[in-house]
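Residue numbers (the numbering used here), protein chains in the order written: chain A, 24 to 130; chain B, 388 to 609. Report on the structure given below.
The following block contains the structure:
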């Protein structure tokens with residue numbers, strides 16, 4: 024797939040939800056089930072991405088994906104602690120990046 | 388909310404600035420994921436929904452079809468914001484299209500925190516415009532910074548991506564159901580990654596987690 028095509032398609036797809044919500048008579052989509060589904064999907068997709076981006080690495084010898092605990096995992100732990108202390112978003116992202124960068128620099 | 392007492396215009400401005408800061412990280416992550424500056428800006432202008440944009444570049448070139456699907460599914464909540472905003476805004480034609488594009492977490496949060504209809508409408512439009520301006524300016528700035536950096540692993544930008552998504556999902560996993568769904572999604576996606584190429588594992592993992600979420604719900608009711 025061409026990357027511009029992907030960008031346009033994904034943008035249109037995201038817009039379709041927004042527009043649909045403004046068009047549809049309220050009672051039609053006001054189901055508890057759909058609201059739950061929307062909430063659950065958001066959590067599940069974001070968390071799944073966190074998992075894959077933190078724990079999956081490619082083994083350079085076999086070129087296969089494997090579970091790794093590296094600097095990214097350390098960054099996630101730092102983020103967890105900062106979130107517990109209600110740090111602002113940008114501080115958390117910067118601290119996560121710094122943690123990974125420093126660990127890689129030192130080892 | 389304490390700031391519901393503040394002037395709606397100043398709330399809109401501060402929300403815009405706050406999301407702008409976070410737009411810098413999006414811009415940087417997008418170019419280090421391999422998208423160019425124009426594509427990165429196009430995502431912020433056209434998609435204009437932080438969660439979907441992060442999901443899109445996170446999967447990125449590894450599997451563009453999954454990137455599209457992920458962005459689409461992450462964006463579903465905007466439709467639900469639209470449901471509650473539509474009767475409040477009463478827009479028609481072109482205005483409805485603009486209102487739809489501005490229907491995101493921030494505009495929904497500010498406008499629904501207001502008491503009178505007038506303030507709710509003002510809250511929506513002012514926040515929408517403010518976030519749109521700051522978000523896109525910040526995206527360009529972040530994209531330039533990201534281009535200077537080059538390899539995402541220098542300065543830990545790959546870790547920043549995971550951390551940014553984690554911080555986004557954090558408020559939603561404070562309930563026990565949310566925490567179970569998130570944990571299931573993480574474990575399932577990681578396990579599926581052992582046997583499948585990048586992309587589908589996240590969608591399959593999410594599907595498992597949603598099913599677990601509904602099973603949990605049902606168990607509670609009985």
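For each residue, glycine too, the CB sits at the ideal point set by N, CA and C.
| Check | Outcome |
| --- | --- |
| C-alpha gap between residue 483 (chain B) and residue 477 (chain B), whole angstroms | 8 Å |
| Chain A residues whose Cβ lies nearer than 8 Å to that of residue 560 (chain B) | 66 and 70 |
| Selection from B:517, B:548, B:512 and B:448 that minimises the alpha carbon distance to residue 585 (chain B) | B:448 |
| Residue 403 (chain B) versus residue 582 (chain B) - alpha carbon distance | 42 Å |
| Length of the line joining the Cα atoms of residue 390 (chain B) and residue 396 (chain B) | Confidence in residue 390 (chain B) is poor, its pLDDT being 42 and thus under 50, which makes the residue's placement unreliable; the coordinate value appears in the next sentence. Computed Cα separation, rounded: 11 Å. |
| Nearest-angstrom beta carbon gap, residue 427 (chain B) and residue 414 (chain B) [assumed within contact, 8 Å] | 6 Å |
| Contiguous alpha helix (DSSP H) assignments of at least 4 residues, all confined to the region 24–62 of chain A | 26–46 and 49–52 |
| Proximity below 8 Å, CB of residue 550 (chain B) to CB of residue 30 (chain A) | no |
| Contact check, residue 65 (chain A) vs residue 461 (chain B), beta carbons under 8 Å | yes |
| Distance between residue 555 (chain B) and residue 442 (chain B) (C-alpha atoms, nearest Å) | 11 Å |
| Entirely enclosed alpha helix (DSSP H) segments - the region 392–437 of chain B, minimum 4 residues | 395–419 and 424–429 |
| Closest Cα partner of residue 109 (chain A) within the set B:444, B:485, B:558 and B:578 | B:558 |
| Beta-carbon proximity of residue 67 (chain A) to residue 454 (chain B), cut-off 8 Å | no |
| Bridge partner(s) assigned by DSSP for residue 80 (chain A) | A:89 |
| Beta-carbon proximity of residue 458 (chain B) to residue 84 (chain A), cut-off 8 Å | no |
| Buried or exposed (CB count within 10 angstroms, at least 16 for buried), residue 493 (chain B) | buried |
| Minimum Cβ-Cβ distance from residue 439 (chain B) to chain A less than 8 Å | yes |
| Pair within 8 Å by beta-carbon distance, residue 431 (chain B) and residue 526 (chain B) | yes |
| Residue from A:63, A:127, A:40 and A:54 whose Cα sits closest to the Cα of residue 572 (chain B) | A:63 |
| Residue 479 (chain B) in three-state terms, based on DSSP | coil |
| Enclosing alpha helix (DSSP H) for residue 95 (chain A) [first to last residue] | 94–107 |
| Beta-carbon neighbours of residue 121 (chain A), restricted to chain B and to distances below 7 Å | 543 |
| Boundaries of the alpha helix (DSSP H) in which residue 128 (chain A) is found, first to last residue | 112–129 |
| Ranges of the alpha helix (DSSP H) found wholly within the region 443–522 of chain B, counting only runs of at least 4 | 451–461, 463–476, 480–488 and 492–499 |
| Residue-chain proximity (residue 467 (chain B), chain A), Cβ-Cβ < 8 Å | yes |
| Cβ neighbour criterion (16 or more within 10 Å) applied to residue 465 (chain B) | buried |
| Closest Cα partner of residue 60 (chain A) within the set B:420, B:452 and B:602 | B:602 |
| Residue burial classification, residue 24 (chain A) (beta-carbon count within 10 angstroms, cutoff 16) | exposed |
| Closer than 7 Å: residue 536 (chain B) CB and nearest the ligand MG heavy atom | The model depicted lacks the ligand MG and carries no ligand whatsoever. |
| Proximity of residue 120 (chain A) and residue 544 (chain B) at Cβ, strictly below 8 Å | yes |
| Environment of residue 561 (chain B) [buried if 16+ CB atoms lie within 10 Å] | exposed |
| Backbone CA spacing between residue 480 (chain B) and residue 411 (chain B) [nearest angstrom] | 33 Å |
| Helix, strand or coil at residue 540 (chain B) [DSSP, three-state] | coil |
| Given residue 600 (chain B) as reference, the closest of B:566, B:513, B:423 and B:471 once Cα atoms are compared | B:566 |
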